[in-house]
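**Q** The structure follows.
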Amino acid sequence: MTGADENYDPRTIQDKWQARWEELKPFAASEDPADERPRKYALDMFPYPSGDLHMGHAEAFAIGDVVARYWLQKGFNVLHPIGWDSFGLPAENAAIKRNSHPAEWTYTNIDTQAESFKRYAASFDWSRRLHTSDPEYYRWNQWLFLRFYERGLAYRKGGQVNWCPNDQTVLANEQVVNGHCERCGAVVEKRVLTQWYFKITEYADRLLADMAELEWPERVLLMQRNWIGRSEGADVTFQIEGRAEPITVYTTRPDTLYGATFFVVAADAPLADEIVAPEQRAEFETYRDAVRRETEIERLATDKEKTGVFLGRYAINPVNGERIPVWASDYVLAEYGHGAIMAVPAHDQRDLDFARRFGLPVRVVVHTGEADPGETGAATPGEGELVNSGPLDGLTKSTAIPRIVEILEEKGLGKAAVNYRLRDWLISRQRFWGTPIPIIHCDACGEVPVPDDQLPVRLPDNLRGADLAPKGVSPLAAAADWVNVPCPKCGGAAKRDTDTMDTFVDSSWYFLRYCSPGYEDGPFDAEKVRRWMPADQYTGGVEHAILHLLYARFFTKVLYDMGLVDFTEPFKRLVNQGQVILNGSAMSKTTGNLVDLGEQIAEYGVDAVRLTMLFSGPPEDDIDWADVSPSGSVKFLARVFRVAAEVTSAPGADPATGDVELRKVTHRTIDEVTRLVEAHRYNVAIARMMELTSAARKAIDTGAGAGDPAVREAAETLAVMLSLVAPYTAEEMWERLGRTAPVVKAGWPTAEPALLVQESVTCVVQVAGKVRDRLEVSPDIAESDLERLALESEKVRAALGDRGVRKVVVRAPKIVNIVPA
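For the sequence shown, this note's numbering gives the first residue as 53, with consecutive numbering after it.
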């Protein structure tokens, strides 16, 4: 291996300790009631088995592993499980390509990844292993679906959906990224289909409110808040001439109702098709078909010229009785509010652009002190005094909104309302490799749940390859023997639902199953879940901020309402890792911009790769593999390994009889590394280990020598701390130090307070950014005293010469920076 010291052979050490851990099983979580250790649950976002582990896995699971190993060393009973999110399109596409069953590709990859995880020294409790594509797991997806169905939280309806023409399946809004399928990149279309949904909107307010409980990165919380998109306003009823049923629109600015000069309906909403006048239909249908080919991003682009079609109808403004024209346009989305808006062009830029494009009236109803939007082309959306607004004239926004809502309610033409950007979770997928939806459709009885004692509804095993190719309907529809079943209610001829569930259903509760993976009387053993959950830390990518994390929170709240769990949030703390990139760009097989994890491990060893990942920067930062040095990590590991190998004092030798200065370094390192690990600053913690290694090396070479008990203390401390980041090397060091039990059972060292007291520290004094002197000062020195000493320094005065001092920046006790005049 590159750079390996002759006394440090990573490959031999890896083989030895991997086999030893397999035998000892030191990472198994205890369920013994007599085990009084406090519990900790270290959870990693489980992987998808798309091939062997890659560089992204190497970073994410190294971070999670540090946490689990640290808690174990600190004396906790630690649950650190592993499983696979094993349903999904990649396996199905691979089966089509290979003319095989998706299970073959899936489970082969799982076995490959499992061996790689073991080689990577991940401290998993392998007895907890699960796969979401096992019938023993997806049985409980179906059971939970039926409980949601009973509570009215799972329902089926027709409506516009996002359709991926490549994967031939529907997508939830969250799975559409910039108008493209997040999985394959195809441009997403809109279609009208009948689909299954989970009513996540019923939990919108709780999802927002409970964020106060979470120790999560603020950017993740902000992304969730924005996705839920709660706003307060009013529902306002507009009558459409020629239509008996009124139309309700939602607005956050009901105070501007007197400024509504036209009405806009989403061109692809059923409402537009329903109300268009006969003489306008041909023009409207041509326009609507064009809109359906646009992505949502294109439709909402602010620099896009506004387009639309007059529908030949007029709406009645409820506050003044004015007839205003009804248009169809692409800048209103069918999914927002009620799919229609009142347009107030003076105070909304999109409405103003549309009005100017089609010569529609612009009426100012809020005087903001700015120029007339009809003349400038710039809308004035701010606050001010209401004008041209009848009973609202002279009021401000804060007083006008409750007044207009009151007027609307008195007339029965509106009411206060809350709206959300969030839409119900579309879970239907027209693909094979997923959990079958446990509903049977009977002409006589309607939707009939599959009885619990008939679960799981297993996937048929006779569909392979070409049978699974996308056809616009689920491949399950072709499995006649599977589809056609007797109705559980009446016994008549009926058919199974042929859609499968979104795989995010699988990952919305898997962390609960880890607590009792073999449990057969329910999705999880409630008592064991109470012992372990909520998870103390969840580690994974920020790309799951909206999809998986929001759904998992929703599931947990539903389970709480069902009385199955006694907490409302599944993850106390969240740690996101950055990406591993190469030469400034994301790694990609297609472009060849790729580093192979297996090759890096073969060349440098597991510990060097782990160390490099963790030393490169804080977990949330991206790692550019072109800028880091695995070979440097190998050299450090060889160096610290030699320190342990050279110790000659006996195990248990009293360190108090050894080098006091080295002991001070050791105990300051213990104190700092402990705080740094708990703050997830692993890179700085490793730097402190490197400093202690240098101090121990110096003591061996120029101090009391390898027989000094203080050197043993430093070496043993290094072995325990290094076990978090380079476990193979640490175990071998620990054994060479004469210890018989594995280092993972050693226990975290404790710093002696007396050895943390510093009699003096070195203060660096800079002049114009250059170091000019070093002063030995008290750790408690006041800033004013430190500034005085720095300015009195002969070296500093010589550096300043005839120049005066413009500024002195003091960071007591370690630095003074003097800026010359």
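Using N, Cα and C, we set each Cβ at its ideal position, and we do this for glycine too. Source: prediction; values computed, not measured.
(1) Closest to A353 by C-alpha separation, out of E387, L363, A334, D405, would be which residue?
(2) Once you ignore the five residues that flank P490 on each side, which residues in its own chain have a CB closer than 7 Å to its CB?
(3) Starting from G684, trace the alpha helix (DSSP H) in both directions and tell me its first and last residue.
(4) Using 8 Å for Cβ pairs, my map puts V417 next to T432. What's the rounded Cβ distance?
(5) Secondary structure at R365, three-state DSSP: helix, strand or coil?
(6) Give the secondary structure of Q482 by DSSP, where H, G and I count as helix, E and B as strand, and everything else as coil.
(7) Do P90 and F128 have their CB atoms nearer than 7 Å?
(8) Buried or exposed for C567, going by 16 or more other Cβ atoms inside 10 Å?
(9) From what residue to what residue does the beta strand (DSSP E) around L223 run?
(10) Nearest chain D C-beta to A380 closer than 7 Å, yes or no?
(11) For the alpha helix (DSSP H) containing Q194, list its first residue and its last residue.
(12) Using a threshold of 7 Å, state whether the C-beta atoms of R351 and D320 are closer than that.
(13) Is DSSP giving T184 helix, strand or coil here?
(14) What is the DSSP secondary structure of W584, reduced to helix, strand or coil?
(15) Residues in its own chain within less than 7 Å of W477 by CB, not counting five upstream and five downstream?
(16) Going by DSSP, which residues form a beta bridge with A395?
(17) Pick helix, strand or coil for A546, following the three-state DSSP scheme.
(18) Mapping DSSP to helix, strand and coil, what is H719?
(19) From the DSSP secondary-structure annotation, give me the bridge partner or partners of E284.
(20) Touch check for the segment 665–684 and the segment 295–313: three-plus C-beta pairs under 8 Å?
(21) Just how far apart, CA to CA, sit A546 and R235?
(22) Which residues in the same chain have their Cβ closer than 7 Å to the Cβ of A256, if we skip the five residues on either side of it in sequence?
(23) Can the beta-carbon of L444 be found closer than 7 Å to that of T289?
(24) Please state whether the Cβ-Cβ distance between V695 and A767 is less than 7 Å.
(25) Can you say whether N514 is buried or exposed, counting buried as having 16 or more other CB atoms within 10 angstroms of its CB?
(26) Helix, strand or coil for T664 per DSSP?
(27) Our contact map puts L827 next to A806 with C-beta atoms below 8 Å; I'd like the distance itself, whole angstroms only.
(28) Taking C-beta to C-beta, are S179 and H132 nearer than 7 Å?
(29) Where does G856 land, buried or exposed, given buried means 16+ other C-beta within 10 angstroms?
(30) Spatial neighbours of V871 within its chain, please: C-beta separation below 8 Å, excluding the five flanking residues on both sides.
(31) Would you grab the beta carbon distance between Y612 and F619 for me? Rounded to a whole angstrom, and I think it's under 8 Å.
(32) Could you pull the DSSP bridge partners for E437 from this structure?
(33) Quick check on T246: does DSSP put it in helix, strand or coil?
(34) When DSSP labels each residue in this structure, what does N161 get in the three-state scheme?
(35) Evaluate E797 with the Cβ neighbour count: other Cβ atoms within 10 Å of its Cβ, from every protein chain shown; 16 or more gives buried, anything less gives exposed.
(36) Let me check one thing: in DSSP terms, what residues is K92 bridge-paired to?
**A** Considering the structure as presented:
(1) The sequence position of residue 353 within the sequence shown is 301, counting from 1. A353 has its Cα closest to that of D405, out of E387, L363, A334, D405.
(2) For the purposes of this step, residue 490 is taken as the residue at position 438 of the sequence shown. Result list for P490: Q194, F197, L198, P501, V502, L507, V509, in chain order.
(3) Counting from 1 along the sequence shown, the entry for residue 684 is found at position 632. From DSSP, the alpha helix (DSSP H) with G684 extends over 682–698.
(4) Locating residue 417 in the sequence shown gives position 365, counting from the first residue. Locating residue 432 in the sequence shown gives position 380, counting from the first residue. With 8 Å as the limit, V417 and T432 do not qualify as a contact, their Cβ atoms being about 10 Å apart.
(5) For the purposes of this step, residue 365 is taken as the residue at position 313 of the sequence shown. When DSSP states are grouped into helix, strand and coil, R365 belongs to the strand group.
(6) For the purposes of this step, residue 482 is taken as residue 430 along the sequence shown, with counting starting at 1. Three-state DSSP puts Q482 in coil, outside helix and strand.
(7) In the sequence shown, counting from the first residue as 1, residue 90 sits at position 38. In the sequence shown, counting from the first residue as 1, residue 128 sits at position 76. For the 7 Å CB-CB criterion, P90 and F128 form a contact.
(8) By 1-based counting over the sequence shown, the position of residue 567 is 515. Answer is buried; the Cβ neighbour count reaches 16.
(9) Locating residue 223 in the sequence shown gives position 171, where the first residue counts as 1. Per DSSP, the unbroken beta strand (DSSP E) holding L223 starts and ends at 221–223.
(10) Reference to chain D is not applicable here, since this structure consists of a single protein chain.
(11) Start at 1 with the first residue of the sequence shown, and residue 194 comes out as number 142. Unbroken alpha helix (DSSP H) run through Q194: 187–202.
(12) Against the sequence shown, residue 351 aligns to sequence position 299. Against the sequence shown, residue 320 aligns to sequence position 268. No, the Cβ-Cβ distance between R351 and D320 is not below 7 Å.
(13) The residue given as residue 184 occupies position 132 in the sequence shown. Coil, per DSSP.
(14) Position 532 of the sequence shown, counted from the start, is the residue given in the question as residue 584. Residue state, collapsed to three classes: helix.
(15) Along the sequence shown, read from residue 1 onward, the residue named residue 477 stands at position 425. Hits under 7 Å: A224, Y249, F250, I252, Y603.
(16) Your numbering for residue 395 matches position 343 in the sequence shown. Looking at the DSSP assignment, A395 forms a beta bridge with F314.
(17) On the sequence shown, position 494 is the one that residue 546 refers to. It is a strand residue.
(18) Sequence index remark: in the sequence shown, residue 719 carries index 667 (1-based). The answer is helix: DSSP assigns H719 an H, G or I state.
(19) Sequence index remark: in the sequence shown, residue 284 carries index 232 (1-based). DSSP output for E284 lists V470 as bridge partner(s).
(20) By the criterion of at least three beta-carbon pairs nearer than 8 Å, the segment 665–684 is not in contact with the segment 295–313.
(21) As a working mapping, residue 546 is identified with position 494 in the sequence shown. As a working mapping, residue 235 is identified with position 183 in the sequence shown. If I take the Cα positions, the gap works out to 34 Å.
(22) As a position in the sequence shown, residue 256 is number 204, starting the count at 1. Closer than 7 Å at the Cβ level, and outside the excluded window around A256, lie I280, R282, Y472, L474.
(23) The residue labelled residue 444 in the question sits at position 392 within the sequence shown. The residue labelled residue 289 in the question sits at position 237 within the sequence shown. Taking 7 Å as the Cβ cut-off, L444 and T289 do not qualify as a contacting pair.
(24) The count along the sequence shown starts at 1 and reaches residue 695 at position 643. The count along the sequence shown starts at 1 and reaches residue 767 at position 715. The Cβ-Cβ distance between V695 and A767 falls below 7 Å.
(25) The residue given as residue 514 occupies position 462 in the sequence shown. Under this definition N514 is an exposed residue.
(26) Against the sequence shown, residue 664 aligns to sequence position 612. The three-state reading of DSSP puts T664 in helix, counting H, G and I together.
(27) What you label residue 827 is simply residue 775 of the sequence shown in a count that begins at 1. What you label residue 806 is simply residue 754 of the sequence shown in a count that begins at 1. In this structure L827 does not touch A806 by the C-beta definition: roughly 25 Å separates them, more than the 8 Å allowed.
(28) Taking the sequence shown and counting its residues from 1, the one referred to as residue 179 is at position 127. Taking the sequence shown and counting its residues from 1, the one referred to as residue 132 is at position 80. Result no, Cβ atoms of S179 and H132 do not sit closer than 7 Å.
(29) Here residue 856 corresponds to residue number 804 of the sequence shown, with the count starting at 1. Around the C-beta of G856, fewer than 16 other C-beta atoms lie within 10 Å, and the residue is accordingly described as exposed.
(30) Counted from its first residue, the sequence shown places residue 871 at position 819. So the list reads A820, V857, R858, K859, V860, V861, once near-sequence residues are dropped.
(31) Residue numbering aside, residue 612 sits at position 560 when the sequence shown is read from its first letter. Residue numbering aside, residue 619 sits at position 567 when the sequence shown is read from its first letter. About 7 Å; that satisfies the 8 Å criterion.
(32) By one-based count along the sequence shown, residue 437 stands at place 385. H419, T448.
(33) Locating residue 246 in the sequence shown gives position 194, where the first residue counts as 1. Under the three-state reduction of DSSP, T246 is assigned to strand.
(34) Counting from 1 along the sequence shown, the entry for residue 161 is found at position 109. It is helical.
(35) Residue mapping note: residue 797 aligns to position 745 of the sequence shown, counting from 1. Looking at the sequence shown, residue 797 is not Glu but Lys. So K797 counts as exposed.
(36) The count along the sequence shown starts at 1 and reaches residue 92 at position 40. Beta-bridge pairing by DSSP links K92 to V130.
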